[in-house]
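For reference, the structure discussed in these notes is given below.
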Amino acid sequence: MTQSGLAPRRAALTLLNDVTIDARLLSEVLPRRLRNLAADDRARAQRLAVTTLRVLDRADRMLGPYLRQKPPVPVLNVLRLGVTEICEDGSAAHGVVNDLVELVRKDAKNARLSGLVNAVLRKVARDADKWSTLPVPRLPRWLRKPLLADYGKQVVAAIEAAHAAAAPLDLSVKTNAAKVAEAL
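Add 8 to the 1-based position in the sequence shown for my numbering, that's all there is to it.
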C-alpha cells in the first residue's frame, strides 16, 4: 500500500460519486477507476467503497446530528467514507480525518468545506460508540412488503441483519493444507 491512505481513499470516493451521483453500477466502473493503483491499494479502495455503500443509511444517520444542512453530494460522500472508516472499520480517526480533509482541500469546487469535514468527522470520532446503537437499515419497501407477507417480521429482520453484516472472510487452505500447516 502507498505510504499514505490518500490514493485508495481518493479512488473509493470516485467510486462512491460514480454510484451516488452518476447512478452508475459499481461493477461497471471498478475496472476503469482502479486500474492504475497497486494491488493492495486497489483492494482497499474497493473494500472502502463497498463497505460505505453497504452502511450508507447508518452513516447518514450518524452524520445527521452534526449537519445543519446537507452538503454537496461529493462532500457528503467524503463524510460517509469517514464515518465508515472510523465507526464500521475502527480506523484511527486522526489519519482518516487528515486524509479526507486533504482530499476536500484539493477539490476546487468544495475546498471551502474542508473545515466542515474536519469538525464533523472529529465529532463523529468522539461519538463513535453510538454507531452500534443505530438501527439496521431496512430493505426497500418494494422488497420488504412482500417478504413480510410471506415470511413475517422475524425472518425479514434476520435478512436485514444479514445484509448489514460484512461478508465473512474465508482463509482456509484449499490445497496442500499439511504443507501450509507445517510452514506455519
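The beta-carbon is built from N, C-alpha and C at its ideal position, and this holds for glycine as well.
No experiment lies behind these values; they were computed from the predicted model shown.
Classify valine 86: buried if its beta carbon has 16 or more other beta carbons within 10 angstroms, exposed otherwise. As a working mapping, residue 86 is identified with position 78 in the sequence shown. It is buried - the Cβ of valine 86 has at least 16 other Cβ atoms within 10 Å.
Out of Lys117, Lys138, Glu93, which has the shortest C-alpha to C-alpha gap to glycine 72? Numbered from 1 along the sequence shown, position 64 holds the residue referred to as residue 72. The alpha carbon of glycine 72 has as its nearest neighbour, out of Lys117, Lys138, Glu93, the alpha carbon of Lys138.
Taking only the alpha-carbon atoms, compute the straight-line gap between leucine 24 and tyrosine 74 and give it to the nearest angstrom. On the sequence shown, position 16 is the one that residue 24 refers to. On the sequence shown, position 66 is the one that residue 74 refers to. Cα-Cα distance, rounded: 21 Å.
Using the C-alpha atoms, what's the distance from glutamine 54 back to alanine 175? Indexing the sequence shown from 1 puts residue 175 at position 167. Indexing the sequence shown from 1 puts residue 54 at position 46. When rounded, the distance between both Cα atoms is 14 Å.
Own chain, CB closer than 7 Å to alanine 15, minus 5 neighbours either side, in chain order: Locating residue 15 in the sequence shown gives position 7, counting from the first residue. Cβ-Cβ distances below 7 Å link alanine 15 to Leu45, Asp49 in the same chain, with the five nearest sequence neighbours on each side left out; the list follows chain order.
Tell me the rounded alpha-carbon separation between leucine 108 and asparagine 184. On the sequence shown, residue 108 is found 100 positions in, with the first residue counted as 1. On the sequence shown, residue 184 is found 176 positions in, with the first residue counted as 1. Straight-line Cα distance between these residues: approximately 43 Å.
Quick one: measure Cβ to Cβ for valine 164 and leucine 156, integer angstroms, because I've assumed they're closer than 8 Å. Your numbering for residue 164 matches position 156 in the sequence shown. Your numbering for residue 156 matches position 148 in the sequence shown. Confirmed, Cβ separation roughly 5 Å.
So for asparagine 118, helix, strand or coil by DSSP? As a first step, residue 118 must be located in the sequence shown, where it is residue number 110. Asparagine 118 carries a coil assignment under DSSP once its states are collapsed to helix, strand and coil.
Within-9 Å CB hit, glutamate 93 to chain C: No chain C appears in the structure shown, which is made up of a single protein chain.
Contacting residues, own chain, Cβ-Cβ under 7 Å from valine 125 (five flanking each side not counted): Along the sequence shown, read from residue 1 onward, the residue named residue 125 stands at position 117. Only Val83, Val86, Leu87, Leu108, Val109, Val112 meet the Cβ criterion.
Looking at C-beta atoms only, is the number of pairs between the region 92-103 and the region 58-70 that lie closer than 8 Å three or more? Yes: at least three Cβ pairs fall under 8 Å.
Rounded to a whole number of angstroms, what is the C-alpha to C-alpha distance between leucine 151 and aspartate 158? By 1-based counting over the sequence shown, the position of residue 151 is 143. By 1-based counting over the sequence shown, the position of residue 158 is 150. The alpha-carbon separation between leucine 151 and aspartate 158 amounts to approximately 11 Å.
Mapping the DSSP letters down to three states, classify aspartate 178 as helix, strand or coil. Residue 178 sits at position 170 when you count from the first residue of the sequence shown. Reduced to three states, the DSSP call for aspartate 178 is coil.
Report yes if the CB atom of valine 105 is closer than 9 Å to the CB atom of glycine 123, and no otherwise. By 1-based counting over the sequence shown, the position of residue 105 is 97. By 1-based counting over the sequence shown, the position of residue 123 is 115. Taking 9 Å as the Cβ cut-off, valine 105 and glycine 123 do not qualify as a contacting pair.
Three-state secondary structure (DSSP) of glycine 103: Within the sequence shown, the letter at position 95 stands for residue 103. Glycine 103 falls in the helix class under three-state DSSP.
Rounded to a whole number of angstroms, what is the C-alpha to C-alpha distance between alanine 133 and leucine 142? Translated into the one-based positions of the sequence shown, residue 133 becomes position 125. Translated into the one-based positions of the sequence shown, residue 142 becomes position 134. Roughly 15 Å separates the two Cα atoms.
For aspartate 115 and leucine 21, what's the separation of their Cα atoms in angstroms? Locating residue 115 in the sequence shown gives position 107, counting from the first residue. Locating residue 21 in the sequence shown gives position 13, counting from the first residue. If I take the Cα positions, the gap works out to 12 Å.
Going by DSSP in three states, lysine 78 sits in which element: helix, strand or coil? If you number the sequence shown from 1, residue 78 lands on position 70. The three-state secondary structure of lysine 78, taken from DSSP, is coil.
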